[in-house]
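Residue numbers for the sequence shown follow the UniProt record's numbering, so the first one is 1 and each next one is one higher.
Ideal placement from N, C-alpha and C gives every residue a C-beta, glycine not left out.
Model, not experiment: these values are computed from the prediction.
All remarks here apply to the structure that follows.
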Amino acid sequence: MKRDDTVNIPGFLGFETVRSLTLAGLTVKKNSQLVRVALAREAQGARRRCEDSLVDAGTHPHSLE
């Protein structure tokens with residue numbers, strides 16, 4: 001085994017390790033962004049349903065004025 005091979009092997013393994021960690025990190029980041037968007041949409045929908053129910057309560061014939 002040559003000296004160049006001894007240097008190249010750890011360099012390659014280091015590169016592959018960094019690459020794998022980067023890809024895993026990007027996957028986690030993308031998933032967390034998708035979860036954040038889904039939670040925001042869910043909260044917005046809940047807020048709309050609440051506002052709609054308040055409007056409906058105000059137009060109901062038996063509502064208090």
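Proximal residues to residue i (C-beta, below 6 Å), its chain only, five neighbours per side dropped
i     : result
Val7  : none
Arg41 : none
Glu65 : Here the model assigns Glu65 a pLDDT of 48, short of 50, so the residue's position is not dependable, and the following value carries that caveat. Excluding positions up to five away in sequence, the list is empty.
Residue i to residue j span [Cα, whole Å]
i     : j     : result
Arg19 : Asp4  : 22 Å
Leu34 : Gly25 : 14 Å
Val37 : Gly14 : 35 Å
Arg48 : Asn31 : 26 Å
Thr17 : Lys2  : 23 Å
Within-9 Å CB hit, residue i to chain B
i     : result
Pro10 : Protein chain content of the structure displayed is limited to a single chain, and chain B is not contained in it.
> What are the start and end residues of each continuous beta strand (DSSP E) run of 3 or more residues lying completely inside the region 2 to 48, in chain order?
Replying inline: Counting whole runs of 3 or more residues, the region 2 to 48 contains no beta strand (DSSP E) stretch at all.
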